[in-house]
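Structure record follows, encoded as structure tokens.
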């Protein structure tokens, strides 16, 4: 959706929900008046100090939040969580898979596919996985 490319919306929904995942981009959520109002207070600016660093800093993000008290909180990250500089753990990857797969598969299918993929190194014939994938409903 367009909201997925809208940094103001992403910041607002992350502040509100603590997450920016599939559920945060439903048609109902992207028109939520509370999120729209919060997003209107988000300002996105290119930072020339980051730009001059070139390609090595292309994923750097600096966020500053001004509180009602006037206090400013600043955080800088060199890459997204799950990126090469801050990879997800195995458990985080499995949990992310479960969250995504459960939107289109029942719990039993999610478990079967997870077990198959996690055992890929022991599978002698990949046809087992292919056959399993063919039985799932297409979306």
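Residue numbers (the numbering used here): 1161 to 1299. C-beta atoms are modelled at their ideal positions from N, C-alpha and C, and glycine is treated no differently.
Query, Result
"Determine the DSSP secondary structure at residue 1253, reduced to helix, strand or coil.", "helix"
"Considering residue 1234, what are the terminal residues of the beta strand (DSSP E) in which it resides?", "1232 to 1237"
"Helix, strand or coil for residue 1229 per DSSP?", "coil"
"Do the CB positions of residue 1273 and residue 1292 come within less than 8 Å of each other?", "yes"
"Does the contact criterion of 3 or more C-beta pairs under 8 Å hold for the segment 1203 to 1223 versus the segment 1268 to 1287?", "no"
"Name the DSSP bridge partner or partners of residue 1223?", "1235"
"DSSP three-state call for residue 1211: helix, strand or coil?", "helix"
"Are the beta-carbon atoms of residue 1176 and residue 1195 separated by less than 8 Å?", "yes"
"With DSSP collapsed to three states, give me the class of residue 1246.", "coil"
"Whose CA, out of 1263, 1257, 1294, lies closest to the CA of residue 1308?", "Lying before the first or after the last residue shown, residue 1308 is absent from the chain, which here runs from 1161 to 1299."
"Compute the Euclidean distance between the alpha carbons of residue 1296 and residue 1253, then round it to the nearest angstrom.", "21 Å"
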